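Report on the following structure.
Number of protein chains: 2
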Amino acid sequence: MPDADRPFAEALSDARDLAARTIDQHLDTKAGDLSAEITAAMRYATGGGKGLRAFLVLEGARLHGINAADAAPAAAAIECLHAYSLVHDDLPCMDDDDMRRGQPTVHRKWDEATAVLTGDALHSLAFELVARSRCPAEGRLALVASLARAAGVAGMVGGQAMDIAAESAETPLTLDQITRLQAGKTGALIGWSAMAGPRMAGADPSALGRYAESLGLAFQIADDILDVEGDADRTGKAVGKDAAAGKATFVSLMGLDGAKQRARDLVTAACDALSPYGEGAESLKAAARFVISRDS
Amino acid sequence: MPDADRPFAEALSDARDLAARTIDQHLDTKAGDLSAEITAAMRYATGGGKGLRAFLVLEGARLHGINAADAAPAAAAIECLHAYSLVHDDLPCMDDDDMRRGQPTVHRKWDEATAVLTGDALHSLAFELVARSRCPAEGRLALVASLARAAGVAGMVGGQAMDIAAESAETPLTLDQITRLQAGKTGALIGWSAMAGPRMAGADPSALGRYAESLGLAFQIADDILDVEGDADRTGKAVGKDAAAGKATFVSLMGLDGAKQRARDLVTAACDALSPYGEGAESLKAAARFVISRDS
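In the order they appear, the protein sequences are chains A and B. Going by numbering that gives the first Met the number 0, 192 is the number at position 193 of the first sequence; the sequence numbering is gapless. Going by numbering that gives the first Met the number 0, 192 is the number at position 193 of the second sequence; the sequence numbering is gapless.
Dropping the structure here:
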């Protein structure tokens, strides 16, 4: 990682740690859990991520005058929601993955029933956390309603369903379809993360929404490039899966060079969208550069 | 059903219809769904229930001066959340049920991936609906936070996990364990339903909480009795499963007569808890009598 991005790397790692601590404290202090096994699997599933979504929440909040402690529940919530989606997505009936973040997936370490329930418990926990964000009630409600919509059939779940349907479809997806699919599957939660801060503050989230739209798409194009060029040891998951499955990806549709150029253009667009925030948004610009330069 | 309970039967059917209409309208008007298939499965999974939880929401709301239109989103939300739990609970890795409410389960009619995603989409939709209840912001937040807690590892999911764990345990559950299991698995959502009205109104929900605690336990004991004495054609699901699996149930632990007596005592306790509401609570008393006299 270039030196100029060093503060970003620290901010990312701080965000990940703050989210993990918030989740831990919540699971510790909420006595009365009926299943210690599910609680253990919830901790396991939320560990080891990059913390990009938590970082976006904290940075968006900071730009709107909200400190990290007040935004921590929302940052933890989005990491729980993201983790739930990975646990369910890895199930045998879905993507059937054995490894995630360099560790066995939840259904491999425990079993399928535990994975279904762990995902479900994290899904509910996300809403419990977000309802407890420290901001005015109207802001918290805006967070809840927008998170529910981003996670549901009009967002993430809809994108996942398109993805599953594409596997058995006779013709590969078009560029327009794959863009819509990814806007749901990964873009919706990234967008929510970036817009959480202005929503907590009762401010207009549209500039950060435009930033996140470009960022999310760049992120997915980079994922497709990593699936072709990446190293399974570094990415912590299988590579080459999409090509082997004959799945349409941004790389198969645009070529490797075309995909890389498009990702760079999207990073430029993401940075341009931050202009209302001036110098304060350097970390978010670094995040945009990071998503296309990462190796995992 | 005795004639004296006729108004209850109408109220129950009205509540079910109002919840179904609210869900339908929400799915209709929210354009931009990425997957028509998931939306269809969501409608399918929320159809055909008794509507008991929606009824409890509407009655609890009425006792606190909130009309049915204002409470409809919360009533629809709890039916979505309940339906999600059934869809996931029926999966092959969980209870592996082919029939539900007299129809093929979602994973039998579609496939497992669709069932996982349909449950997930209904889970998010529940929070989207409840965040849009028509009451002051603090009431809506109380609904969200309490629903998340009731649905999660300290409530419903925790109870389901205990249930799954019990299947492979060497010794059957004790009466205390099975009571805690059921308080989570079915009691938590029934409790939320009854307490939603006072929470919307910013009032003390404890009397309705006590009512629901007895009601929920009576409901589960009646379920165990139906599993022994019921008719698959009427219950719409397989019967005799628990005994065949050697599972501890209230009937196996208390005997059939003991279980029936305990259910009757719980109905009395549920009705007693309603005394602060006087005559206004007749419908809720009828609901308590209904849960132990139903044949499905």
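Even glycine gets a Cβ: it sits at the ideal position worked out from N, Cα and C. Small disclaimer: the values here were computed from a predicted structure and weren't measured.
Below the 7 angstroms Cβ cutoff, chain A contributes Leu140, Val143, Ala144, Ala147 as neighbours of B/Ala130, in chain order. If you ignore the 5 residues before and after B/Ala187, its C-beta comes within less than 6 angstroms of the C-beta of Ala149, Gly154, Met155, all in its own chain and listed in chain order. Contact annotation, B/Asp223 with B/Asp241: C-beta distance approximately 7 angstroms; criterion of less than 8 angstroms satisfied. Two segments are said to touch when three or more pairs of C-beta atoms, one from each, lie closer than 8 angstroms; by this definition the stretch 177-196 of chain B does not touch the stretch 132-141 of chain A.
Residue range 155-167 is occupied by the alpha helix (DSSP H) that includes A/Glu166.
Contact check for A/Val129 against A/Ala76 passes: the beta carbons are separated by less than 7 angstroms.
Judged by beta-carbon spacing, A/Ser34 lies within the 7 angstroms limit of B/Met161, meaning their Cβ atoms are closer than that value.
Under the Cβ distance rule, B/His122 counts among the residues neighbouring chain A, one pair being separated by less than 7 angstroms. It is roughly 24 angstroms from the alpha-carbon of B/Leu216 to the alpha-carbon of B/Pro6. Secondary structure at B/Arg100: coil, using DSSP grouped into helix, strand and coil. Annotation: the stretch 14-59 of chain B contains the following complete segments of the alpha helix (DSSP H) (minimum length 4 residues), in chain order: 35-45. With contact defined as three or more Cβ pairs closer than 8 angstroms, the stretch 56-73 of chain B and the stretch 95-115 of chain B are not in contact.
Per the Cβ contact rule, the stretch 102-109 of chain A is in contact with the stretch 79-94 of chain A (3 or more Cβ pairs under 8 angstroms).
Taking each of A/Ala10, A/Glu166, A/His122, A/Ala144 in turn and checking the Cα distance to B/Ala147, the smallest one comes out for A/His122. Residue state for A/Arg131 is assigned as coil, using DSSP reduced to three classes. A residue is called buried when at least 16 other Cβ atoms come within 10 angstroms of its Cβ; B/Glu228 does not meet this threshold and is exposed.
When only Cα atoms are considered, A/Pro91 and A/Gly279 end up about 44 angstroms apart. Residue burial is scored here from C-beta neighbours: B/Gly158 has at least 16 other C-beta atoms within 10 angstroms and is therefore classed as buried. Look at A/Arg293 here: in three-state DSSP terms it is coil, with no helix or strand label.
The beta-carbon distance between B/Leu172 and B/Ala244, rounded to whole angstroms, is 13 angstroms. This is too long to meet the 8 angstroms contact definition. Under the 7 angstroms criterion on CB atoms, A/Cys92 is classed as interfacial with respect to chain B. Any Cβ of chain B closer than 7 angstroms to the Cβ of A/Glu111 would place that residue at the interface, and such an atom is present.
Under the DSSP assignment, B/Met194 falls in the alpha helix (DSSP H) whose first and last residues are 187-200. By the criterion of a C-beta distance shorter than 7 angstroms, A/Val250 is surrounded in its chain by Asp223, Ile224, Val227, Ala258, once the five residues flanking it on both sides are discounted. Contact annotation: in the stretch 66-78 of chain B, no residue has its CB less than 8 angstroms from a CB in chain A. B/Pro197 counts as buried, since no fewer than 16 other beta carbons sit within 10 angstroms of its beta carbon. Taking the Cβ atoms as the reference, A/Gly151 lies roughly 6 angstroms from B/Leu124, within the contact range of under 8 angstroms. Excluding five sequence positions before and after A/Leu142, the CB atoms of its chain that fall closer than 7 angstroms to its own CB belong to Ala73, Val129, Ser132, Ala195, Arg198, Met199, given in chain order. One finds nothing in chain A with a Cβ atom closer than 7 angstroms to the Cβ of B/Ser274; even the nearest lies about 28 angstroms away. In the DSSP assignment, A/Lys259 falls within the alpha helix (DSSP H) that extends over 255-272. In the DSSP assignment, B/Ala247 falls outside any alpha helix (DSSP H), carrying neither H nor E. Here B/Gly190 is buried: its Cβ has 16 or more other Cβ atoms, across all protein chains shown, within 10 Å. The Cβ atoms of B/Ala262 and B/Ala206 do not sit closer than 7 angstroms to each other. Ranked by Cα distance from B/Thr38, the options B/Ser274, B/Ser292, B/Trp109 are led by B/Trp109.
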